[in-house]
Amino acid sequence: MYLFMVGAGASAAVAMRSFRRRERRHNETLDNLDVNIHVNGIRGKSTVTRMIGGMLRASGMNAVAKTTGTYACVIDGEGYEHPIKRVGPPNINESS
């Protein structure tokens with residue numbers, strides 16, 4: 021039992037360190053962005069996200085957009101869509 025608890029604790033420590041490392045890199049990436057726009061609401065978020073991304077690209081900015089609705093995708097700086105493959109139905113965790 022003692023060995024199991026030590027192993028579980030060590031595994032949890034390794035997982036937490038990995039999570040913190042990824043979180044730090046993610047936050048550094050966000051800190052380096054010039055503009056970060058969050059679209060919130062009940063209906064039409066994907067459409068608004070696409071429109072804002074298109075306007076920013078048309079103004080000469082390098083804009084990347086991500087939609088997580090029925091058709092989840094990342095829209096790159098040139099306006100090309102890259103679908104996000106899902107294992108199951110849409111869920112709240114994919115918006116991260």
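Each residue of the sequence shown is one higher than the one before, counting from 21 in the working numbering.
All residues carry an ideal CB built from backbone N, CA and C; glycine is no exception.
Quick caveat: nothing in here was measured; it's all calculated off a predicted structure.
**alpha helix (DSSP H) runs contained entirely in the stretch 47 to 79, provided each spans 4 or more residues** = Here the runs fully enclosed are 65 to 78.
**Request:** Pair every Cβ in the stretch 76 to 87 with every Cβ in the stretch 96 to 106, then say whether three or more of these pairs are closer than 8 Å.
**Result:** yes
**Request:** Quick one: give me the first and last residue of the beta strand (DSSP E) that Val94 is part of.
**Result:** Per DSSP, Val94 is one residue of the beta strand (DSSP E) stretching across Cys93 to Ile95.
**Item:** Alpha-carbon to alpha-carbon, Ile72 and Ala78
**Value:** Rounded to the nearest angstrom, the gap between the Cα atoms of Ala78 and Ile72 is 10 Å.
**Request:** List the residues that DSSP assigns as beta-bridge partners of Ala85.
**Result:** Ile95
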